[in-house]
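Position one of the sequence shown corresponds to residue 1 (our numbering), numbered consecutively onward.
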Amino acid sequence: MKAVKINPIVLIIINIIAPSMYIFMSGKYLQIYLLVFASALFILMGRFKRLAGFWVVYALMMGLYYLTMQSKGTEFLGLFIIVIVQSVPCIALATILVTKYNSAQLLSALETMHIPRVLVVAVTITLKYIPTFRREFSYITESMRLRGIGFTWKQPVKSFQYFIVPQLFRCAALAEEVTAAGLVKGIDAPMRRTSYYEEKVTFIDALVLIVFVAGLAGGFVWKQML
């Protein structure tokens, strides 16, 4: 099966709408629906390894939730875990935005929505900063390992300090570097940029959004029937 390319705007819209729907509809229905919907998107996009990881994380967290709810005195922890579990499908889809699309693709897609330039710049830089931050964090842990410094629960504050202090210094430098890279690509240009990538809304994108909205509508009907 050939992998389907989905416009990043579709994923952004889904991640904006889906979490807010827990306010208006049954949490159980929405949790199951988003789980199935996200899995279907992973299959369509050919992200089978990420889908497997997504299901493993979801299964482990659900197991931990049921375990805490069965034990006396840990019910409050179970309620905290289920909130995170409900966010897992959205987080999984957000990882595709961060890993699959480059900044040029995101810019091209966002500019088709005719949203304020300031918002386009902020969203693009934020999404591309996340993988950079993760890479820098791995560099710090590797440097600590080479120096024989490891995390220990005997001195958690000191161990945390070894992680956070270098990361804070790197964050300031990385923010400037990522912003400068965007400026070089004309991210702040007052006119519409030309791009190698033409991220247009296709029939598949429209179909995905229609199915998503139809599923949410079904949730409202489900809530009224209860």
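For each residue, glycine too, the CB sits at the ideal point set by N, CA and C.
Indicate whether residue i and residue j have their beta-carbon atoms separated by less than 8 angstroms.
i, j, result
"Y65", "I82", "yes"
"V10", "L44", "no"
"T132", "L106", "no"
"S87", "P19", "yes"
"I6", "I204", "yes"
Tell me which residues share the same chain as residue i and place their Cβ nearer than 7 angstroms to its Cβ, disregarding the 5 neighbours each side in the sequence.
i, result
"V123", "L110"
"I140", "F163, P166 and Q167"
Could you give the distance in angstroms between the alpha-carbon of residue i and the alpha-carbon of residue j?
i, j, result
"K200", "R134", "30 angstroms"
"A217", "Q224", "11 angstroms"
"S165", "L207", "According to the sequence as given, residue 165 is Val; it is not Ser. Roughly 47 angstroms between the two C-alpha positions."
"V118", "T179", "13 angstroms"
"Y33", "M69", "23 angstroms"
"F42", "R147", "40 angstroms"
"L104", "N15", "In the sequence under discussion, the amino acid at residue 104 is Ala, which differs from the Leu named in the question. Taking the straight line from one Cα to the other gives about 20 angstroms."
"L93", "G46", "13 angstroms"
"K158", "I125", "32 angstroms"
"L79", "V184", "46 angstroms"
"G215", "I17", "12 angstroms"
"I12", "L127", "11 angstroms"
"I115", "K2", "32 angstroms"
Starting from the C-beta of residue i, find all residues in its chain whose C-beta is less than 6 angstroms away, skip the five residues before and the five after it, and write them out in chain order.
i, result
"L35", "P89"
"Y58", "V88"
Output needed for residue i: all residues of its chain with C-beta closer than 8 angstroms, excluding positions within five of it in sequence on either side, in chain order.
i, result
"I130", "V98"
"M62", "V85"
"V211", "F37"
(request) Report yes or no: do three or more beta-carbon pairs, one from the region 51-60 and one from the region 23-31, lie closer than 8 angstroms? (result) By the C-beta criterion, the region 51-60 is judged not to be in contact with the region 23-31, since fewer than 3 inter-stretch pairs fall below 8 angstroms.
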